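The sequence shown: position 8 = 28 (the working numbering), numbered continuously. First comes the structure, then the notes that go with it.
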Amino acid sequence: MIFAYIDDEPIVPLEIQTRNGEWIEFHAYIDSGAGFSVFHADHAEVLGLNMTKGRKIFFTVGDGAQIPAYIHKVPVKFAGERFMAEIAFSASLGVGTNLLGLKSFFDRFSFCFQHFLKKVEIKKG
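Encoded structure:
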């Protein structure tokens with residue numbers, strides 16, 4: 021599948037299922053340097069998750085600081101596939117967008133960036 025960038029950045033849509041079965045679309049920046057996908061804390065609330073009930077981990081960010089995050093396994097729809105993904109949620113994510121990281125995504129799909137065209141091709145691995 022080929023996705024056009026959103027706002028001239030490698031940001032793509034994905035859907036996550038709420039606790040009551042509803043699918044909600046979110047956007048995330050494709051970040052091959054992120055070990056996990058990290059979403060903003062308010063998205064956990066929208067999904068009906070108690071954020072702090074997830075497995076607590078710490079991420080080291082660009083300035084060397086560590087931020088807490090909580091990993092949850094959630095049903096997702098991405099690039100034409102439906103699967104369970106591990107996504108971390110954090111109240112301390114210091115960027116304006118969610119991050120799509122290695123775990124659950126780069127180990128399932130290949131990503132071919134066509135940056136000059138502002139597109140990314142995503143194939144099931």
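Built from N, CA and C at the ideal position, the CB exists for glycine as well. All of these numbers come straight from a predicted model, not from anything done at the bench.
* At which residues does the alpha helix (DSSP H) containing His-135 begin and terminate? -> From DSSP, His-135 is part of no alpha helix (DSSP H); its letter is neither H nor E.
* Supposed contact pair Ile-36 and Val-140 - C-beta distance, whole angstroms, cut 8 Å -> In fact, because the Cβ distance is near 20 Å, the residues do not count as touching under 8 Å.
* Asked: Whose CA, out of Gly-68, Ile-31, Gly-55, Gly-53, lies closest to the CA of Gly-41?
  -> Gly-68
* Enumerate, from N- to C-terminal direction, the unbroken alpha helix (DSSP H) stretches of 4 or more residues contained entirely within the region 43 to 128. => 61 to 66
* Could you check where the beta strand (DSSP E) with Ile-36 kicks off and where it finishes? -> 31 to 37
* To do: Measure how close the beta-carbons of Ala-54 and Leu-122 come, nearest whole angstrom, since I'm counting them as under 8 Å.
  => 7 Å
* Could you say which of Phe-98, Tyr-90, Phe-23, Glu-29 lies nearest to Asn-70 if we only look at CA atoms? => Tyr-90
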